[in-house]
Each structure stands twice: as structure tokens, then as C-alpha cells.
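Worksheet for the structure shown next.
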Amino acid sequence: MSVDLVLLHAPSVYDFRQKTILYGPISEQIPSSPIFEMYPIGLTSIAEYLERAGYRVRIVNLAVRMLNDGNFNAEKMIERLRSPVFGIDLHWMVHCHGAIEVVRIVKKYHPEAKVVVGGFSASYYYKELIEYPEIDYVLRGDSTEEPLRQLMDCIMKQRKPEAVPNLVWRDSQGTVQENPFSHIPADLSHVMVRHYANTVRSVIKYRDLASYIPFKGWTQYPITAVFTCRGCTQNCTICGGSAATFQKFYNREKTVFRSPESVAGDIKQIERFSNGPAFILGDVRQAGEEYAYELFRLLQKDGVKNQLIFEIFTPASTDFLRQMSLCSPNFCLEISPESHDPEVRRAEGRPYSSEALEQTVGDALDAGCGRLDLFFMIGLPKQNPQSVMDTVDYCGFLLDKFKGDKRLSLFVAPLAPFLDPGSLAFEQPERHGYRILFRTLAEHRQALVAPSWKYSLNYETDWMSRQQIVDTTYKAMMRLNRLKAKHGVISMPMAEAENQRLEAASEIVPIIDGILSGGNSERELSRLKARIDQINMSPMTHWAELELPLGLVKVKFLRSLWSWATGR
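The working numbering puts the last residue of the sequence shown at 568; the count rises by one with no breaks.
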């Protein structure tokens, strides 16, 4: 079926099924695999916006298709697609290898089609991207729905896109043109109107559930995400979505918030097709407590059945947590203190005390929180290997303090594979104690296909080398698993299985080092492929820990069909 626009999502490394790469624990705190098959929610917003404008849009998640089916031929799929325009997301930097390879394949089979690239990383590296002859356009910014609609109008009517905001393009002489970076909407009421319902309709229209699945295993655990804003009020040192980054690279001076009604409306849409949890992204207090309490009131009024996941950036008041519980009994709460050490936490941009954190944990559990996730990070400013292990010991302290409450889930993982380009630490490395090893898009693309995640890391710190980050990561994760098993948070067999996987991975790192230092590395690495693939893709306990319990029916396929047929 021919459409007007195909939106493609690539795997992190395009030919991951052929390459021998030890990915390491780089995706431990998200539902997707190390292939990062989960596509940005912006694709669904773009698709819905353009559909309302009269265009036919299809999403194809190549990454999840390749991951789910070893025989799936992505190149053949691209060849079969029919569209005058192809859009490829380069939002997260970890997709810079796969995205470029997909761009090349699109142009190979559809030389007359136009190729558009967008996303945060595309906005940052737009000058390098537009130098690729296969890329016709780069759209910059966090809100490209309207600029893309205008660009589609120009393409369909064969007009020059001189007036399309945020667009970088080449004219007929091959000269690069940078249109004004001026579309920074201060109102989001025109986007994400019914993007979940539109996605369900598209699945049925194109008879292609496989291409719309966000990540491997989603039908068994259909978690969804709900945006509250574009931009951020915080300035975390390592984050490529900080207030400073938005201001400097995406031209957003001030965070813009969706209305509480829009956020609640998204959750009602989700409830129609899924029994899975809905993750409300962003601390709902960013727009002020009145905003948060109004959202809670609407959710309580609607009687939302899905379990809700909230995140907070700083400790919260007792009343706030109680109101959260009233709107969503058995709610899940996520906090990322990053370190046990207030000095490290302050250097990372989270200046609150451990006492305040512990008070919030206790208050949340008392308020009826169904699960509370605490996330700690390795690779932070002022953090050395001993500090990481002290953080693990602090996790043990918390488990003791809260009497091994099984609702308290603790995680530790490395900042990997990349420190975000555009983050304060990436832009001002000396000030924050970082050494940046790769700066260009090409260097990052090459790093992703290195045979070990140690060589993919684009940074070291004044306190930890890449080798120390790798060694400390495995040591800390294994110790934390033992602590959680000791307190009954996870079972002993689960902890042992995960630690066996981590131990196997840590043992193979020096073997890869040895191979790279000698000759015939490709041949020697190929002999390790089966062993490394087993480590990369074996069942991981963190996936089980991250999942909330669901009933027998996860996705409401019949209800989805009814919504599509009736438009309700």
C-alpha cells in the first residue's frame, strides 16, 4: 500500500545480527534491549498530526522486527515500501549507526524519494548530517510536527522549502541552506491530540502490528508513556535534555507544558486498548503544585484503572504523595538520586540530602505506593570506584531501614554507552571533570561497532577510567543482586542467574582486549559470537524487576478494533 510518508526506526547498530559486540549492561534501566528498539513517542505524534492534515503515514519499527525475527530482511522490507518521503529518527545518539545505514538503504532502493532526519541528536549534529548525500533534509527542534507538515506540502507541490522553519536543506546548486530556527511552540494543544488512538487505527489499517510494537515483549507487558511537557526545568550535568541543553541547542528558552486535561485524556485513550501501566514522564510539579494537584483531581475523577508510574526529580511532601495515592492507588514512583553521596549528587545537579530522600521513600511507602524504584548511576562527577561500592552499601542500608520491603526496588547501572552530546558535562568537560573521547557523529558511529562496550564509552572522568567504569559496574551490579536476594526482594535463583551472566560478561572483556591487541581480530572475534550473543540476549532479571504485575489480558485487541471502527 502506497503512503505519503514512512517513518522508520533503526536499531542502534544496523547489522547487529552479524556483528560480534559485547553490549554490556547499557539498557538495564529501560524496557528495551541493548539494540534500543524502542522508538521515540514523537513518531506517533508526528504521524497523528500529519494524518489530521490529510497525509497517509506509516510507522515501521525495523529494530523490533529484526530483533523478533531472525529471518526478517530489513533491506527487502524497505525495498517493498512505497512512499515519496521517508523519515528516519535520530533522537537518541545510540542510534547514529543504524539510522545512517537505513538512510543509505532507503536511497539505494528509492533514489527519487526524499529523506528527512530529525530528533535531538539530529538537531545537534545537523551540520554533519546534511553532508551525507543521501539525506535531503534535517529538521531541528523538539516540535517538528508543523514544520514537517509544511515540508510535506512543499514536496508534494514541488515548491522550494524556503519558508519551512527549523529546516536545513540543499538547494538545486547543492548549497546548504539553514532556514530560521523559529518554530518553538509555547502551546502544545495542537499536538498529541489522539496519537494513541491513531496508532491503533494504523495497526489495523496496514495490518501490521509487528511494525508498530515499541519494544520486544511489549504485547506481554504493554507499558505506555505520557508526556507532560517539552523542555525541562532541571540542569542535571549528564543529561542531554536539561534546561541548558534545550536553550542552547533546541532554542527552547522555557519549558512548555501540556494541560492537565490533555495528560489525563492520554491516559483515558491508553485505558481503551491496554491494561498495562502508563508512565507519566517528567515531574508533574515542574509546572507548579497547582498543576500537579489539578492533574491528580482529574485522574481521581476519571477513576483510571491502569496502574500509573510517576517520577519525581526532588523529594516530595507528605501531602503530595497522599494526593498521588488518592488518584492512583498502588501507584509506582521512580526517583533517580544517582549516588548515596550528597557531594556527588550535587555535582550531578541534584542538590538534596539523603535524609530528605529517605523521608520521601518512607512517606511514599506509607501512602500506599505499590512499588518504588530508586536508580543509581556509575560514571558521575566526583565518583570513584569506592564511592560506587559505597552506593551499593547504601542500598543495603535502605533495605535494612525499610525492613526489606519488597516494594522498594534498587538499581545501579553505568552511564553508557554515551555521555549525551549537548549535556553540560559534554560541552564543559573540564569544569565537570570529564574527558571526552569522541566528539563527531562519525566517531560515535564507529564507537558503536566496537567489539566491547568499554570501547564505545565516549568519556572518562577525573576519577574513573573506562576500564574502571567497566570493572566497577560488574562488581557493583553483582553485589547489589546479592543484597536484594539476601533481603528477599528478588529470589536467590534469580540473583544467581543474573550474576552468572554478569560474571561471564566480565570474564570476556579481557579476552576481547587480548584479541584486539593481536592480529586476525575479526576471525578470533567471530569465534566468540555465539557466546557473546547468549550473554547479550539472555533473560535478565532487571526486566522482571522493572515489570509491574498485570492480569491475564494485557492488550485489549477487541476493544481496540471497536475504537477504530467507531472512532471512540
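Beta carbons: idealized from backbone N, C-alpha and C, even for Gly.
All values reported here derive from a predicted model rather than from experimental measurement.
Membership of GLN177 in the beta strand (DSSP E) is indicated by the continuous run 176-178.
Annotation: LYS160 to ALA442 spans about 30 Å, alpha carbon to alpha carbon.
Secondary-structure assignment with DSSP links TYR137 through a beta bridge to VAL116, TRP169.
Excluding its 5 nearest sequence neighbours in each direction, HIS97 has C-beta neighbours in its own chain below 7 Å: SER12, VAL13, TYR14, ARG445, LEU448, VAL449, listed in chain order. Taking C-alpha positions only, ARG297 is separated from PHE397 by approximately 36 Å.
Assignment of beta-bridge partners to ILE312 by DSSP yields ILE335. If you check the CB distance, ARG346 and GLU338 do not come in under 8 Å.
Given a length threshold of 3 residues, each whole run of the beta strand (DSSP E) inside the region 210-252 is given here in chain order: 224-227. For VAL284, there is no enclosing alpha helix (DSSP H), as DSSP marks it with neither H nor E.
CA-to-CA, the gap between LEU148 and SER121 works out to about 17 Å. In the same chain as SER32, and ignoring 5 residues on each side of it, the C-beta atoms closer than 6 Å to its own belong to MET38, PHE215, in chain order. Counting only residues of its own chain and dropping the five nearest sequence neighbours on each side, THR228 has a CB closer than 7 Å to the CB of PHE257, ARG258, VAL263, ILE280, LEU281, GLY282, VAL284. Annotation: GLY303 to LEU5 spans about 37 Å, alpha carbon to alpha carbon. Listed in chain order, the non-local C-beta contacts of HIS487 below 7 Å within the same chain comprise LEU399, GLY404, local neighbours out to five positions each way being set aside.
Classified as exposed, TYR109 has fewer than 16 neighbouring CB atoms from the shown chains inside 10 Å of its CB. In this model, VAL94 and GLN359 are separated by some 36 Å (Cα to Cα). In this chain, the alpha helix (DSSP H) harbouring THR473 covers 466-486. Per DSSP, the continuous alpha helix (DSSP H) segment holding MET389 begins and ends at 385-401. Classified as exposed, LYS529 has fewer than 16 neighbouring CB atoms from the shown chains inside 10 Å of its CB. In the DSSP assignment, VAL94 falls outside any alpha helix (DSSP H) and carries neither an H nor an E. Following the DSSP letters along the chain, one finds GLY87 in no alpha helix (DSSP H) but inside the beta strand (DSSP E) bounded by residues 85-89.
For THR245, the closest alpha carbon among the candidates VAL64, GLU524, LEU424, TYR434 is that of LEU424. Contact between GLU334 and ASP373 holds, since their C-beta atoms are separated by about 5 Å, short of 8 Å.
ALA197 and GLY24 have their C-alpha atoms spaced approximately 36 Å apart. Separation of GLN29 and LYS157 (C-alpha to C-alpha, rounded to the nearest whole angstrom) is 45 Å. Apart from sequence neighbours up to five positions away, the residues of its chain that approach VAL176 with a beta-carbon distance below 6 Å are ILE130, ARG170, ordered along the chain. In chain order, VAL57, ASN198 place their CB closer than 7 Å to the CB of GLU51, counting only its own chain and leaving out the 5 sequence neighbours on each side. Its chain contains THR20 as the residues whose beta carbon lies nearer than 7 Å to that of SER526, once the 5 sequence neighbours on both sides are disregarded; these appear in chain order. Separation of GLN468 and LEU90 (C-alpha to C-alpha, rounded to the nearest whole angstrom) is 30 Å.
C-alpha of GLU503 to C-alpha of PRO342: approximately 30 Å in a straight line. Within the same chain, GLY141, SER143, GLU146, PRO147, PRO165, ASN166 come within 7 Å of HIS183 by CB-CB distance, once the 5 residues on both sides are set aside. Around the C-beta of ALA10, 16 or more other C-beta atoms lie within 10 Å, and the residue is accordingly described as buried. SER242 sits close to ASN235, with the two beta carbons spaced by under 8 Å. Listed in chain order, the beta strand (DSSP E) runs fully inside the region 180-206 amount to none, counting runs of at least 3 residues. Counting along the chain, ALA413 sits inside the beta strand (DSSP E) bounded by residues 408-414.
Across the set THR255, LYS268, SER353, the C-alpha of THR255 shows the shortest separation from the C-alpha of GLY288.
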